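For our numbering, count along the sequence shown from 1 and bump the result up by 267.
Glycine included, C-beta positions come from ideal geometry on N, C-alpha and C.
Note that the structure is a prediction, hence the values are computed from the model and not measured.
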Amino acid sequence: MRRCKIPSMIEGEKYGDINSEKAEQNDYESLLPLFKQVHEFHVFARPDLYVQNSTPVEQEFFESQLMDGKHHIFAAAKGIDIVGVIVTKEEEIIENTFVKARKVLFINSLCVAETHRKIGIEKN
268 MRRCKIPSMI EGEKYGDINS EKAEQNDYES LLPLFKQVHE FHVFARPDLY
318 VQNSTPVEQE FFESQLMDGK HHIFAAAKGI DIVGVIVTKE EEIIENTFVK
368 ARKVLFINSL CVAETHRKIG IEKN
């Protein structure tokens, strides 16, 4: 599979004062506000599909994504604060009569904390 760089969100990369690492189980509480921001946007934008939920990502579900080998969750930190998250999922496309087999990495969600938007995090 080809790897693409997503600025500030690749494991172990450091851009200015932003450090990104693969998320761990103990990051759940710090990531939950970001998951809530994404979910609140979805509820606002598509109330026909999404319902209000104070805990849109349960801890058990988060941990299962960390361990399933298909999902990859990266957290961006500024100092000790997690200020961004990206949740991706690998999928395999099976070859058939009109497409070749390949692996695809989908971005399921991407969030920069509201408090850190529009201040140039990605300009580093």
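_I'd like the list of long-range same chain contacts for Asn375, defined as Cβ closer than 6 Å, with 5 residues on each side in sequence excluded._
Here residue 375 refers to the residue found at position 108 of the sequence shown. Cβ neighbours of Asn375 beyond the five flanking positions: Val354, Lys356.
*Mind the definition here: the segment 320–328 touches the segment 295–303 only if three or more C-beta pairs lie below 8 Å; say whether that holds.*
yes
*Between Ala342 and Ala290, is the Cβ-Cβ spacing less than 8 Å?*
Reading the sequence shown from its first residue, position 75 is the one you call residue 342. Reading the sequence shown from its first residue, position 23 is the one you call residue 290. Contact: yes.
*Whole angstroms is fine: what's the gap from Glu288's alpha carbon to Val310's?*
Within the sequence shown, residue 288 is the residue found at index 21, counting from 1. Within the sequence shown, residue 310 is the residue found at index 43, counting from 1. Cα-Cα distance, rounded: 28 Å.
*asked:* Once DSSP output is grouped into helix, strand and coil, what is the label at Val354?
replied: In the sequence shown, counting from the first residue as 1, residue 354 sits at position 87. Val354: strand per DSSP, three-state reduction.
*Does the separation of the CB atoms of Gln292 and Glu330 fall below 8 Å?*
Translated into the one-based positions of the sequence shown, residue 292 becomes position 25. Translated into the one-based positions of the sequence shown, residue 330 becomes position 63. Going by C-beta atoms, Gln292 is nearer than 8 Å to Glu330.
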